[in-house]
Structure formats: C-alpha cells, structure tokens
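*Asks:* Below are the structure tokens for one structure; questions will follow.
In our numbering, the protein residues as written are 807 to 959.
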C-alpha cells in the first residue's frame with residue numbers, strides 16, 4: 807500500500823489524468839444508460855416520417871440549413887432551442903426527429919427535449935452527412951446551391 811501512495815505522490819499528473827478519465831467514462835456510462843432519446847438511421851427516420859406525422863427539427867445554424875435540409879424540417883439552432891421550447895409544446899407526444907450536420911448537436915438537443923418532457927425523441931445517426939452522402943436521400947436546396955453543385959461536376 808505504501809508503494810501505491812508513493813507512486814501517486816511522485817506521479818500526481820498521471821494520477822489526476824486517471825481520475826479525470828475515470829470520471830468521464832462513468833459520466834458517459836450513466837448518460838447512455840439513462841438517455842430517453844433513440845438514435846435511428848436515416849432510413850428508419852424516413853419510415854418514421856411516413857408512418858406518423860413526425861416533427862423534423864434541424865438544429866444546425868441558419869446558414870447551414872439554407873444550403874440543404876430535409877423537406878418540411880424546421881430550423882431551430884441548438885443555441886436557441888431552450889428559448890423555442892414553448893413553440894414546440896404541442897409536439898410533446900408526437901415523434902420528434904432531430905438532425906444536425908453529423909449527429910453531435912442533435913444528441914445534445916435530444917437531451918434538452920427529453921428534459922423538457924418530450925416523449926418520443928429520435929436522433930438521426932450521422933446527421934445530414936449520412937442523409938446526403940451515405941443514404942442518398944432527397945434534400946431541399948436553394949437555387950444557388952444547385953448551380954454550384956452543377957459547376958463542380
């Protein structure tokens with residue numbers, strides 16, 4: 807036991823790093839175990855949208871949203887989601903599908919919505935990158951972007 811104490815005292819930075827990593831792993835474990843939203847693939851999201859009248863919320867910034875987005879999606883940036891919750895009160899019992907560019911911001915938005923009492927929250931894995939590039943699903947773009955993509959080809 808004395809050797810452990812001596813090691814910890816001589817290598818306090820390593821000990822501190824071990825404690826921080828352990829704390830973060832435990833926190834992630836609890837977040838994963840108690841999360842109330844579900845990750846779904848873009849194909850499953852399309853099926854969900856077709857089966858029920860799901861609300862699609864794009865949590866990217868407005869500039870990203872105007873470049874390309876899912877048809878009928880509402881743009882509510884993650885930074886202003888908490889302030890926009892009263893507008894979404896009517897959707898607490900309906901499925902809410904969240905999307906961002908890669909899936910990270912949408913997961914954060916999923917935590918916000920589940921804390922606010924939303925019952926059916928779904929996050930698209932891979933976000934718009936997977937929607938457009940991997941699954942080749944349709945998107946809505948403005949006219950300027952269509953011209954730019956044609957020039958690149």
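Heads up, the beta-carbon is just placed ideally off N, CA and C, and yes, glycines get one too. What you are looking at is a predicted structure, and each value in this text was computed from that prediction instead of being measured.
The alpha helix (DSSP H) with residue 832 in it runs from where to where?
*Replies:* Locating residue 832 in the chain shown gives position 26, counting from the first residue. Taken as a continuous stretch (DSSP letters only), the alpha helix (DSSP H) holding residue 832 covers 818–840.
*Asks:* Short check: CB of residue 884 to CB of residue 915, under 8 Å?
*Replies:* Within the chain shown, the letter at position 78 stands for residue 884. Within the chain shown, the letter at position 109 stands for residue 915. A contact, by the Cβ cut-off of 8 Å.
*Asks:* If contacts are defined as beta-carbon pairs under 8 Å, then residue 945 and residue 897 qualify, I think. What distance do you get, rounded to the angstrom?
*Replies:* Counted from its first residue, the chain shown places residue 945 at position 139. Counted from its first residue, the chain shown places residue 897 at position 91. Going by Cβ atoms, the distance from residue 945 to residue 897 rounds to 22 Å, so no, they are not a contact pair.
*Asks:* What is the DSSP secondary structure of residue 898, counted as helix, strand or coil?
*Replies:* Your numbering for residue 898 matches position 92 in the chain shown. Correct three-state label for residue 898: coil.
*Asks:* Comparing C-alpha positions only, which one of 872, 846 and 879 sits nearest to residue 861?
*Replies:* On the chain shown, position 55 is the one that residue 861 refers to. The residue with the shortest Cα to Cα distance from residue 861 is 879.
*Asks:* Taking the alpha helix (DSSP H) that residue 871 belongs to, which residues open and close that run?
*Replies:* On the chain shown, residue 871 is found 65 positions in, with the first residue counted as 1. Run containing residue 871: 868–873, per the alpha helix (DSSP H) assignment.
*Asks:* Between the C-alpha atoms of residue 922 and residue 808, what's the straight-line distance to the nearest angstrom?
*Replies:* Along the chain shown, read from residue 1 onward, the residue named residue 922 stands at position 116. Along the chain shown, read from residue 1 onward, the residue named residue 808 stands at position 2. Spanning the two alpha carbons is a distance of roughly 50 Å.
*Asks:* Buried or exposed for residue 831, please, with buried defined as at least 16 other CB atoms from any protein chain shown within 10 angstroms of its CB.
*Replies:* For this step, residue 831 is matched to residue 25 along the chain shown. With fewer than 16 other Cβ atoms within 10 Å, it is exposed.
*Asks:* Does the count of Cβ pairs from the region 902–914 and the region 863–877 closer than 8 Å reach three?
*Replies:* In short, these stretches touch, since the Cβ pair count reaches three.
*Asks:* Return helix, strand or coil for residue 843, following the three-state DSSP convention.
*Replies:* The residue given as residue 843 occupies position 37 in the chain shown. If DSSP states are grouped into helix, strand and coil, residue 843 belongs with coil.
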